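Heads up: the structure comes next, in structure tokens.
Residue numbers (the working numbering), protein chains in the order written: chain P, 1 to 214; chain D, 1001 to 1248.
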């Protein structure tokens, strides 16, 4: 994807122009969610982070861009209520205190595209709520997201508690930090670290392959 | 330096070592902090590094400061160099952004609960309603000089606004001397609708230099119009049939 496309989308988010942003996304030749998320949405949001680092925008601008991006994602990649053949269940949440939820939202959307039934809890979900929901709903997969170093210490606790659930869910761990640091020490070997959207897709491929063989 | 400065202030040397700080800075920053880098969140270090060599004038930037009680205190940082030392002022702006964050969080919840399929149906419905309004007051040229506008259904404000747009455009493009508004197929008339209709009649009067004519007033309308004390700048005729007979 051309850099200018990324810049353009970032600018539309910063301008708060959700209508134009949606039109722009719809005009892209490749409408695969994966491609749009990987080559447009993610780099556009990273670009916005860079602009803050370069002192060109403020945190307030970033908040607006996040809101617009969220709206566009919700609007363009909604779940169709008509699909009934849901096989697998997955729930997604950010650790308590974690407000960076857009990546998680995209992962959730990729799972939905593959006909998974999902529960998306978004930003900052306390462990007790996550545990309660997972106990009742029994998702095969629980996806956790962490983007701020300060929120890392609680990751271990989340992984340990959720992996110990009686139905033995698979714990996926992602977020911006997965890309930057080795999160292995926080997982007690009970979780799978997902560095980026592609790895999530690969994991899904493998999971579904195993399903077919069984 | 007086420690009673009313803002968090830190003086540093070229190596970033803290020389002195105001009382407010002591309250804001971590205890026993020695170098300026330790005052900032790790992810703001890149940003800070750009300002740690002497420059002319003063500069300001936004950064997350490692607070005593909170690891992220968003601050406007103002920095200026004077010889070997830099003056750094921290201005916490977290409270302004907090309101914004709360609004965003509300929006996010609202977004999560929005059924977009329903939302899109609603939008489609609004589109259809508008189309319906357009079709409820067609502007029909009968001859070069005569046009006919039957008003179907209830006369409401939104419908009259749509009809007004179309009628003015058509009247401007054609050269009509007589424009007849027909109320034979009209249902209820409400006050805002009447208001908009009066405006349309007045505008057409200005454009044509001649008042429009109204036909097909039913007794019910007559009562309603009287009650609303309507004083339209128009001629009243009984029916289109009568008008056409008179013309021929």
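Using N, Cα and C, we set each Cβ at its ideal position, and we do this for glycine too.
From a predicted model like this one, the values you see are computed outputs, not experimental measurements.
Nearest-angstrom Cα separation, counted from residue 1168 of chain D out to residue 1186 of chain D = 20 Å
message = Any C-beta of chain D within less than 8 Å: which residues of the stretch 110-131 of chain P qualify?
response = 120, 122, 123
inquiry  = Is it buried or exposed, residue 1213 of chain D, if we count other Cβ atoms within 10 angstroms and call 16 or more buried?
reply    = buried
ask   = If you pair each beta-carbon of the stretch 113-130 of chain P with each one of the stretch 93-103 of chain P, do three or more pairs fall below 8 Å?
value = yes
task = Using a Cβ cut-off of 8 Å, pull out every chain D residue sitting near residue 268 of chain P, in sequence order please.
result = Because chain P spans 1 through 214 in this model, residue 268 of chain P falls outside it and cannot be assessed.
request  = Whole angstroms is fine: what's the gap from residue 111 of chain P's alpha carbon to residue 119 of chain P's?
outcome  = 10 Å
message = Distance check for residue 203 of chain P and residue 170 of chain P, CA to CA, integer angstroms please.
response = 11 Å
query = What residues match up with residue 1020 of chain D in a beta bridge as DSSP calls it?
reply = D:1011
Per DSSP, cross-strand counterpart(s) of residue 71 of chain P = Bridge partners of residue 71 of chain P: none, in fact.
ask   = Mind pulling the beta strand (DSSP E) runs of 3 or more residues that sit fully within the stretch 1072-1110 of chain D?
value = 1073-1082, 1085-1092
ask   = Enumerated in chain order, which unbroken segments of the beta strand (DSSP E) with a length of 3 residues or greater are wholly contained in the stretch 1161-1222 of chain D?
value = 1178-1182, 1186-1189, 1213-1215
ask   = How should residue 1233 of chain D be labelled, buried or exposed, when 16 other C-beta atoms within 10 angstroms of its C-beta is the threshold for buried?
value = exposed
inquiry  = Taking 6 Å as the limit between beta carbons, can you name the residues of its chain near residue 1217 of chain D, skipping five residues before and five after?
reply    = 1183
message = For a cutoff of 8 Å on Cβ pairs, would you count residue 150 of chain P as touching chain D?
response = yes
request  = Name, please, each residue of chain D whose Cβ falls closer than 7 Å to the Cβ of residue 59 of chain P.
outcome  = 1062, 1074, 1097
ask   = At which residues does the alpha helix (DSSP H) containing residue 15 of chain P begin and terminate?
value = 3-15
According to DSSP, residues forming a beta bridge with residue 141 of chain P = P:90, P:170
ask   = Among P:74, P:58, P:173, which residue has its Cα nearest to the Cα of residue 1063 of chain D?
value = P:58
query = If you scan the stretch 100-141 of chain P from start to end, which runs of the beta strand (DSSP E) of 3 or more residues do you find wholly inside it?
reply = 117-120
request  = Taking 8 Å as the cut-off, decide whether the C-beta atoms of residue 1013 of chain D and residue 1038 of chain D are in contact.
outcome  = no
ask   = Are the beta-carbon atoms of residue 14 of chain P and residue 60 of chain P separated by less than 8 Å?
value = no
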